[in-house]
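In this text, residue positions in the sequence shown follow the working numbering: the first is 456, and each later residue adds one.
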Amino acid sequence: MATTKEVKKNSQDLTVEQKLKALYQLQTMLSKIDEIKTLRGELPLEVQDLEDEIAGLSTRVERLKSEIAELKTSIAGKKVEIETAKASVAKYKDQQENVRNNREYDFLSKEIEFQTLEIELCEKRIREFTDQQTEKEKEVEKCTEKMEERNKDLEAKKNELDEIVSETKQEEERLRDKAKDLETKIEPRLLQSFKRIRKNSRNGLGIVYVQRDACGGCFNKIPPQRQLDIRSRKKIIVCEYCGRIMIDPELAGVTTTETKEVVKEKPTRRRKITSEA
456 MATTKEVKKN SQDLTVEQKL KALYQLQTML SKIDEIKTLR GELPLEVQDL
506 EDEIAGLSTR VERLKSEIAE LKTSIAGKKV EIETAKASVA KYKDQQENVR
556 NNREYDFLSK EIEFQTLEIE LCEKRIREFT DQQTEKEKEV EKCTEKMEER
606 NKDLEAKKNE LDEIVSETKQ EEERLRDKAK DLETKIEPRL LQSFKRIRKN
656 SRNGLGIVYV QRDACGGCFN KIPPQRQLDI RSRKKIIVCE YCGRIMIDPE
706 LAGVTTTETK EVVKEKPTRR RKITSEA
């Protein structure tokens with residue numbers, strides 16, 4: 456792999472014309488890579504979104520299942536409390552039959568009442584927990600169904616994307632290798648400038664050729680003198696409106712089909728012949 460010093464040295468050996476040609480070839484490679492990416496469209500993003508959604512649904516299902524398990528544990532605990540309270544009520548009722556005074560009887564009656572309230576409270580909690588459990592189980596079912604649908608969608612999108620990638624991968628790798636090779640022939644500062652212009656351009660074009668006496672990027676008219684400078688290929692000319700690097704169509708290998716306007720000669724003024732008297 457060429458070092459930065461070697462790249463700089465090699466790029467300095469090139470004429471402006473060769474630099475511009477290398478830049479335009481690089482632009483062509485990068486534009487083709489962009490076309491391949493466009494062919495894939497929004498599929499990579501759609502796949503990523505589906506994967507994120509499935510991961511979110513999976514996490515939600517696991518959390519709901521954990522909450523359901525906790526509710527089941529709570530229900531089981533309340534059932535044990537009910538059995539304990541019922542045993543206490545039975546015990547206190549037996550004791551009531553053998554009390555020696557009203558004071559003991561009243562104490563046992565209060566204990567029976569307290570344990571009865573505990574049973575009612577536990578039964579109420581069990582109903583609440585059961586309702587929550589039923590609701591969460593329904594939610595788990597919905598999330599699971601949705602997750603299955605999303606998995607089917609994901610599989611279809613992945614297959615579609617894999618098919619496109621397999622068709623274009625080899626071509627893309629070939630283009631990337633060519634682009635890297637071309638980059639070694641361009642001086643780093645010019646390459647960096649080109650990449651910056653390209654990044655800021657809507658259509659991804661950093662270098663354009665002149666079309667109908669106008670910039671091929673923003674289509675603003677170019678003064679005749681500037682057109683001559685572009686055709687001379689002695690220095691790098693950028694559009695004063697959009698900042699793109701400009702080259703002449705011939706250097707870009709483009710055959711212009713437009714009809715050139717024929718410059719008409721100015722009509723010569725006829726000399727007025729005066730008749731002699």
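All C-beta atoms, glycine included, are put in the ideal place defined by N, C-alpha and C.
None of these values were measured; they are calculated from a predicted model.
Just how far apart, CA to CA, sit residue i and residue j?
i, j, result
"Lys474", "Lys640", "8 Å"
"Arg688", "Glu472", "5 Å"
"Thr710", "Asp504", "45 Å"
"Arg605", "Ser521", "23 Å"
"Glu490", "Gln587", "53 Å"
"Ile509", "Gln625", "31 Å"
"Leu478", "Thr514", "50 Å"
"Leu630", "Cys598", "44 Å"
"Lys527", "Thr539", "19 Å"
"Thr623", "Pro499", "14 Å"
"Leu645", "Arg667", "27 Å"
"Ala611", "Ser621", "15 Å"
"Glu618", "Arg495", "10 Å"
"Gln647", "Ala634", "14 Å"
"Lys735", "Glu525", "The structure shown does not extend to residue 735, since the chain is modelled only from 456 to 732, so the question has no answer here."
"Ala669", "Cys694", "10 Å"
"Ile581", "Lys492", "58 Å"
"Lys601", "Ile530", "29 Å"
"Asp468", "Ser656", "29 Å"
"Tyr560", "Phe569", "14 Å"
"Pro679", "Pro643", "31 Å"
"Lys654", "Tyr696", "16 Å"
"Glu603", "Glu583", "30 Å"
"Arg555", "Leu519", "55 Å"
"Lys607", "Thr470", "57 Å"
Return helix, strand or coil for residue i, following the three-state DSSP convention.
i, result
"Val516", "helix"
"Tyr664", "strand"
"Leu469", "coil"
"Val693", "strand"
"Ile702", "strand"
"Arg676", "Just to set this straight, residue 676 is Lys in the shown sequence, not Arg. Three-state DSSP puts Lys676 in a strand."
"Glu559", "helix"
Output needed for residue i: all residues of its chain with C-beta closer than 7 Å, excluding positions within five of it in sequence on either side, in chain order.
i, result
"Asp703", "Tyr664, Val665, Ile685 and Arg686"
"Lys613", "Val502"
"Leu400", "In this structure the chain extends from 456 to 732, so residue 400 is not present and cannot be described."
"Gln550", "Leu563"
"Phe649", "Leu478, Gly661, Ile662 and Ile700"
Tell me which same chain residues have a C-beta within less than 8 Å of the C-beta of residue i, skipping the five on either side of it?
i, result
"Ala707", "Tyr479 and Tyr664"
"Ile523", "Gln588, Lys591, Glu592 and Val595"
"Ile488", "Glu627, Leu630, Arg631 and Ala634"
"Leu616", "Arg495, Leu498, Pro499 and Val502"
Spatial neighbours of residue i within its chain, please: C-beta separation below 6 Å, excluding the five flanking residues on both sides.
i, result
"Cys577", "Lys533, Glu536 and Ile537"
"Lys565", "none"
"Gly698", "Ile652"
"Ile567", "Val544 and Tyr547"
Would you grab the beta carbon distance between residue i and residue j for me? Rounded to a whole angstrom, and I think it's under 8 Å.
i, j, result
"Leu609", "Glu506", "7 Å"
"Ile692", "Arg681", "7 Å"
Counting only beta-carbon separations shorter than 9 Å, does residue i have a partner in chain D?
i, result
"Glu695", "Checking the listed chains, one finds no chain D in this structure; it contains a single protein chain."
Cβ contact (3+ pairs, closer than 8 Å) linking the segment 649-661 and the segment 673-681: Taking 8 Å as the limit for Cβ pairs, the verdict is that the segment 673-681 does not touch the segment 649-661.
The segment 569-579 in contact with the segment 539-549 per 3-pair CB rule at 8 Å: Output reads yes: the segment 539-549 touches the segment 569-579.
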